[in-house]
Structure formats: structure tokens, C-alpha cells
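J.: Our numbering applies: residue 10 is where the sequence shown begins, and numbers increase by one.
I have a structure I would like to understand better, so I am pasting it below and will then ask my questions one at a time.
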Amino acid sequence: MQSNSEYILDFVLPIGETGPTGPTGPAGISAIMYTDFANTSTAGILQTSSPKKLPNNTNIFLINNNRITLNESGCYELAISGRLRETLSSTNAVLAIQIEVNGTQSDFLEITLQNVGEIYFVQQKMLSITTPQNVSVIFRKTSSSDASLENVFFDIKKFPY
């Protein structure tokens, strides 16, 4: 007697010649750079804290004076997370990831706190480059602001395409 969980298969799998091997698809991630930043209430370029690269001998990322140079053309994912807060002023406090190409800087991604309060943020953005570029994380605020950044983490992934 056959139950609902038992089956009998009665066929033969055909066996032919082995065909040619197809092309290998892209691998996962080529390299990763990760850092956190010291908590701060001072405006300016954030100070990296114990940056790491995987593989650790990669030259895709160079870290120098709190700037990260992306050395290879291709596709990158930039991700940043943390806490931005302001208790005194209703002026804007801004955390920006800035990209520098040939000496010209532009904001690539901005996180803005427009009123007193706090925000926990996570932002990701893709970047495609054809020449080496410098990346900095900048904190901007007015002089009357007591805005601060805490627990900020930043990673960059290089994809193989």
C-alpha cells in the first residue's frame, strides 16, 4: 500500500556527452573597507578609528589622513549608519559623504537633522567610478549648534563589475 508521502518514480535519466563549460559568473565582493569614527561634536572631517580592509593586502582602498581613496574603476556600495542629535538649536546639522574628483569636492550623500532632536540613520548608495576618487565623511553644523555624532560606522564594498 502506498501512502501520501511515498512515491515510486519509474523513468530513466538520459546520459549524453558532456557539453562545453560555460563562462564563470562574477564572484561576490572584490574587497571591503570598514571603519568607525570617534564620537564628536566638532565640525569637520571625521576621524577614522581602526579601519580594516578585506583582504588585508588589497590596494583597492588606501586610507590616509581620514580620507579613503578608491583606486580602481568599478562599482562600489557605500553604507553609513549612526546617531545624529541636537539639543540646543533648531539649525541644521549635516553629515555628508563627500567625493573628490580631480580636486573638486561634491556631496554624494547627505543626512540632515533640521530641528532639535535625534535621528538614528542608515544610508546606502551605489557609486560607479572610472578614475580614482577620494571619499571623506564630513560633519557640518553652525557655531550655535551643540549637534553631535555617535556610533558612526562606514563601510565600502567593491563589486567585481
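For each residue, glycine too, the CB sits at the ideal point set by N, CA and C.
Owing to the predicted nature of the structure, the values given are computational and were not obtained by experimental measurement.
Would you kindly work out how many angstroms separate the C-alpha atoms of residue 123 and residue 84, rounded to a whole number?
T.: 32 Å
J.: Quick one: residues in its chain with C-beta nearer than 6 Å to the C-beta of residue 145, no 5 flanking neighbours on either side, listed in chain order?
T.: 54, 76, 107
J.: Using CA coordinates, which residue listed in 117, 59, 95 is at the minimum distance from residue 73?
T.: 59
J.: Can you give the Cα-Cα distance for residue 51 and residue 104, rounded to whole angstroms?
T.: Residue 51 and residue 104: Cα-Cα distance of roughly 12 Å.
J.: If you draw a straight line from the alpha carbon of residue 88 to that of residue 32, how long is it in whole angstroms?
T.: 31 Å
J.: Could you tell me the boundaries of the beta strand (DSSP E) in which residue 57 lies?
T.: 57-63
J.: Kindly indicate the opening and closing residues of the beta strand (DSSP E) around residue 168.
T.: Residue 168 -> beta strand (DSSP E) spans 157-168.
J.: Would DSSP call residue 114 helix, strand or coil?
T.: strand
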